[in-house]
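Worksheet: one structure, shown below.
Residue numbers (my numbering): 30 to 541.
Laid out in structure tokens, this is it:
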């Protein structure tokens, strides 16, 4: 192994770092790692509310901006020494590669004008002669970033294994749910996965280099194996029987993506570039090794089985720090901002229900915060399930995204086909619908303490709000209104019943 030639920057000297994509899977974790190394971190996001639930929110500078807007990008880069480029546009249609190239050129120019010393970009390994549009776009993004005068370190990784990553969730659910599966030939292609822990080590260490560096560096774990071998390894670690994998030549990438979208939490739109990447052999090139620049972690790179075990352990213990679904996509062109007030000219439909109960406020809130995922939606779960299936069929996210933790939520994270738009502990929870709809929808819960005849009570309110898009949206609201009668009264009643049960168990515990 080569000895690294570049020294690391000393701690506590306040080097200012910009992290784009800070609301995403890698970005959210990278911020925490950089802070632990005493860097001054600025997070660039489209909407600062999306990261307000992060544990590090009060430790960073925040720059709101859009990567396509030169002015906001330059403002975010002003005063920055090292900028991490962690942006993707793979869900923005068939011309995503053109959008990614334009964003990268924009960023390179802005970085040069702002006086940035170093850009660090995380891309994908692209050494195979036959690479997908997705991998080619990742490589081209690196070329566009390097087209300016600011030195660029382009790190290229293959499958990233970590709790909450899209690749890991796809692997986990395929293996768990399908003891026998027919698969395309690409499951035999070689890949070189790497643990998220090791990716973060390389990224953080690169930010600490004394001198700016330019170059393309492949980062991979210590083992090369096929996707099928990874599935068998996962099954063994999970205590499952060996999977029967029958390879067939007829499953095209498009069909594979659709199949994965139906079986796993990863929607078809995101599964498609992942599958296309697997068609290529994703193996690190020794000639592009990063070992000459940055040493591996002191404890060594995690083996694939160790990375899987660690990811499974964190998932089981509900200690998933970030998930693939944390990053949001820009709203459709016809949508206004989620926070538009009612007086913005839109028609607003509401379904409002409330109850006054003697239940404790703490347990009411616990029941509200536990909604969704494996906990269900407090009744009529079949109708929620059917709506999720319908959403998946039309290319939406469906219900399978689940939730990061069974008990707690934070602003900006996904919850089935909703996203937490606002959360005030013990007081209110507001969810924004990310299912495919002819309009915008919210579901909100509030708790208000009131006193009646000297008795302290709780008023819990539940409100579904819908802002239709055109006549189609209005017809949609009236078409589904009959189902609201089946869903919403039962939801509120069962939510209160869940809280009452918690009160009863608490009283039993005190008596014992």
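Cβ coordinates follow ideal geometry from the N, Cα and C atoms, glycine included. Computed from a predicted model, the values in this text were never measured in an experiment.
- Per DSSP, the continuous beta strand (DSSP E) segment holding residue 147 begins and ends at 147-153.
- Per DSSP, the unbroken beta strand (DSSP E) holding residue 381 starts and ends at 378-386.
- Between residue 171 and residue 181, the CB-CB gap stays under 8 Å.
- Going by C-alpha positions, residue 495 is about 21 Å away from residue 424.
- The Cβ-Cβ distance between residue 159 and residue 309 falls below 8 Å.
- If you ignore the 5 residues before and after residue 55, its C-beta comes within less than 6 Å of the C-beta of 115, all in its own chain and listed in chain order.
- With contacts defined by Cβ atoms closer than 8 Å, residue 333 and residue 254 form a contacting pair.
- Secondary structure of residue 463 (DSSP, three-state): coil.
- Here residue 220 is not near residue 264, since their CB atoms are 8 Å or more apart.
- Look at the beta carbons and you see the segment 383-397 touching the segment 525-535: at least three pairs across the two are nearer than 8 Å.
- The C-beta of residue 443 has 16 or more other C-beta atoms within 10 Å across all chains shown, which makes the residue buried.
- Counting along the chain, residue 436 sits inside no alpha helix (DSSP H), nor does DSSP assign it H or E at all.
- DSSP places residue 171 in the uninterrupted alpha helix (DSSP H) bounded by 162-174.
- Residue pairing by DSSP puts residue 254 in a beta bridge opposite 220.
- Counting only runs of 4+ residues, the alpha helix (DSSP H) found wholly inside the segment 78-145 occupies 99-106 and 125-143, in chain order.
- Secondary structure of residue 60 (DSSP, three-state): helix.
- Residues of the same chain with a CB within less than 7 Å of the CB of residue 236, apart from the 5 flanking positions on each side, are 46, 63, 68, 111 and 149 in chain order.
- Going by beta carbons, residue 412 and residue 500 fall outside the 8 Å limit.
- Shortest Cα-Cα distance from residue 141 to any of 107, 450 and 415 involves 107.
- Closest by C-alpha distance to residue 48, out of 93, 78 and 257, is 93.
- With a cutoff of 8 Å on beta-carbon distance, residue 465 and residue 420 are scored as near each other.
- When C-alpha distances from residue 139 are compared across 455, 480, 104 and 164, the shortest belongs to 104.
- Contact annotation: residue 217 and residue 252 have beta-carbon atoms that are not nearer than 8 Å.
- Of the residues assessed, residue 507 falls on the exposed side of the cut-off, its CB having fewer than 16 other CB atoms within 10 angstroms.
- DSSP places residue 247 inside the beta strand (DSSP E), whose first and last residues are 244-248.
- Under the DSSP definition of a beta bridge, residue 477 partners with 488.
- Residue nearest to residue 293 within the set 52, 240, 276 and 417 is 417 (criterion: CA-CA distance).
- Residue 351 sits close to residue 57, with the two beta carbons spaced by under 8 Å.
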